[in-house]
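Have a look at the structure below before the remarks.
Residue numbers (our numbering), protein chains in the order written: chain A, 151 to 395; chain B, 44 to 270.
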């Protein structure tokens with residue numbers, strides 16, 4: 151093999167001259183992190199609401215929540231992304247669609263990517279929230295009601311605080327997934343980490359260095375998220391449960 | 044509503060879409076078979092007492108699970124074929140890219156299968172292995188005749204659920220220009236200027252297939268639930 155390794159390529163200015171190739175990679179990393187974190191916040195909020203609705207006695211509400219989860223779980227992420235990006239602007243009221251199409255292309259890509267990742271992940275978060283609530287002994291809900299709490303108060307003060315502490319480990323893996331899934335958004339042209347990796351291959355002609363650097367960046371994200379979530383897990387662990395203190 | 048739907052291009056596109064679906068199913072099937080076979084080997088290595096083997100398996104599984112599938116496919120589509128061509132001095136016109144992307148997909152999914160299988164093996168009580176050894180079986184015999192058959196029976200629902208996820212993942216071979224179901228739908232929609240209808244149709248097809256399959260898994264799970 152006569153490949154010329156050249157790691158210093160990252161310190162050279164790009165052909166466009168705006169920054170170094172390392173700068174491109176950091177721009178991609180920044181986009182990946184921004185996209186994943188904003189989508190994650192939205193996914194947690196939506197997922198909590200939908201997960202709670204799946205457990206309420208009202209048949210209509212729980213049915214709607216089940217339909218929501220099934221819809222987002224049974225269509226591949228890539229297809230959902232293309233529907234958000236290409237189809238939604240045509241289906242929403244025209245003024246909204248036009249405003250979307252006139253905005254900056256990066257804004258369009260980011261908005262579509264974020265909504266797609268958020269809703270896709272929220273269905274999975276909802277399943278975890280539901281299983282967390284269902285794993286609590288029935289007595290907790292009944293005790294709350296017997297004390298004169300309304301059902302929303304029981305959820306707010308009794309069920310959810312416990313459920314969220316129990317589902318930290320599965321939520322960690324969803325949190326990791328959202329970073330990995332964000333790589334799919336390179337397909338609509340969003341310049342996140344994976345897309346920058348491709349661009350680096352094209353511009354630097356140093357394919358191995360480019361891809362190794364991007365892969366290491368993903369592994370680093372993984373390690374950082376796992377470490378932080380482990381700290382959180384230790385902090386909120388419920389005494390008396392499996393894995394508890 | 045401003046948009047006027049025109050579904051008329053779909054019937055004519057069905058043969059292409061059908062071919063695409065055949066490719067998707069083919070990739071799914073290959074990846075499931077490779078995933079289960081290679082995943083079982085990885086799981087056994089991971090649980091083995093031979094340190095280098097268990098380290099290799101742990102490294103493999105953790106690496107593949109830390110990297111997005113899109114990146115893995117790009118590695119195997121863009122980089123690996125170049126590496127192999129360089130290594131063996133193949134003529135530059137040999138195109139390994141599609142085969143390589145397929146292999147990459149299967150290797151990626153194996154990491155996920157191996158975790159399911161490892162949990163399945165660990166769910167078999169320890170006494171079973173001890174009993175096998177007391178009867179004079181070798182490790183291989185015990186695994187093949189006693190442990191794995193029980194482990195797989197416990198794992199069936201999870202393996203099937205993973206197969207549905209895998210089927211959805213196949214749409215990502217889009218990045219490697221393999222003409223699977225989604226890639227074909229996108230190409231036809233783009234060609235006919237009816238991307239909106241085609242994408243919605245593709246979404247509907249995936250939904251029906253995956254929803255039906257997941258209902259079936261749930262039904263099987265209820266029916267064969269171990270007492």
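Glycine included, each C-beta is placed from N, C-alpha and C at the ideal position.
The C-beta of residue 109/B comes closer than 8 Å to at least one C-beta of chain A.
Within the region 133–215 of chain B, the runs of alpha helix (DSSP H) at least 4 residues long that lie entirely inside it are, in chain order, 140–165, 169–177, 182–185, 191–212.
Contact note: residue 251/A does not reach chain B at a C-beta cutoff of 9 Å; the least C-beta distance is about 12 Å. The region 332–344 of chain A and the region 176–195 of chain A touch, with no fewer than 3 CB-CB distances between them shorter than 8 Å. Where residue 254/A is concerned, there is no enclosing alpha helix (DSSP H), because DSSP gives it neither an H nor an E. Taking residue 216/A as the centre and dropping the five residues before and after it, the same chain places the C-beta of 204 closer than 8 Å to its C-beta, in chain order. When DSSP states are grouped into helix, strand and coil, residue 322/A belongs to the helix group.
Put simply, of 200/B, 244/B, 247/B the residue whose alpha carbon is nearest the alpha carbon of residue 265/B is 200/B.
Among the residues facing chain B, residue 219/A is not included, as its CB has no counterpart in that chain under 8 Å away. The residue among 157/B, 145/B, 46/B with its C-alpha nearest the C-alpha of residue 73/B is 145/B.
When secondary structure is reduced to three states using DSSP, residue 170/A falls in the strand class. Proximity of residue 170/B to chain A, defined by a Cβ-Cβ separation below 8 Å, is not satisfied. Under DSSP, the beta-bridge partners assigned to residue 163/A are 170/A.
For the region 144–162 of chain B, the set of positions with a beta-carbon nearer than 8 Å to some beta-carbon of chain A is empty. Assigned with DSSP and collapsed to three states, residue 52/B falls in helix.
Where residue 358/A is concerned, the enclosing alpha helix (DSSP H) starts and stops at 357–386. Looking only at 387/A, 301/A, 317/A, the smallest Cα-Cα distance to residue 207/A is reached by 301/A.
Of all alpha-carbon atoms in 197/A, 263/A, 156/A, 358/A, the one lying nearest the alpha-carbon of residue 331/A is that of 263/A. Under the Cβ distance rule, residue 267/B does not count among the residues neighbouring chain A, no pair being separated by less than 8 Å. The Cβ of residue 129/B sits closer than 8 Å to at least one Cβ of chain A.
Two segments are said to touch when three or more pairs of C-beta atoms, one from each, lie closer than 8 Å; by this definition the region 263–276 of chain A does not touch the region 242–250 of chain A. Listed in chain order, the alpha helix (DSSP H) runs fully inside the region 102–135 of chain B are 112–117, 123–131, counting runs of at least 4 residues. The beta-carbon separation of residue 108/B and residue 149/B, rounded to 15 Å, does not stay under the 8 Å limit for a contact.
Spanning the alpha carbons of residue 304/A and residue 297/A requires a straight line of approximately 10 Å. The beta carbon of residue 79/B sits closer than 8 Å to the beta carbons of 156, 160, 202 from its chain, once the five residues preceding and following it are set aside; these are given in chain order. In the structure shown, residue 298/A adopts coil according to DSSP, grouped into three states. Taking 8 Å as the cut-off, the beta carbon of residue 211/B is found closer than this to the beta carbon of residue 226/A. Using a CB distance cut-off of 8 Å, residue 156/A does not count as an interface residue toward chain B. For the 8 Å CB-CB criterion, residue 170/B and residue 194/B do not form a contact.
For the C-beta of residue 336/A, the chain B residues within less than 7 Å are, from N- to C-terminus, 113.
For the pair of segments examined, the region 380–391 of chain A was found not to touch the region 186–193 of chain B: the number of CB pairs separated by less than 8 Å stays below three. From the listed residues 256/B, 232/B, 104/B, the smallest Cα separation to residue 369/A is found for 104/B.
Residue 321/A and residue 132/B have their alpha carbons spaced roughly 47 Å apart.
Residue 98/B counts as exposed, since fewer than 16 other C-beta atoms from the protein chains shown sit within 10 angstroms of its C-beta.
In this structure, DSSP gives residue 287/A a state outside helix and strand, which the three-state scheme calls coil.
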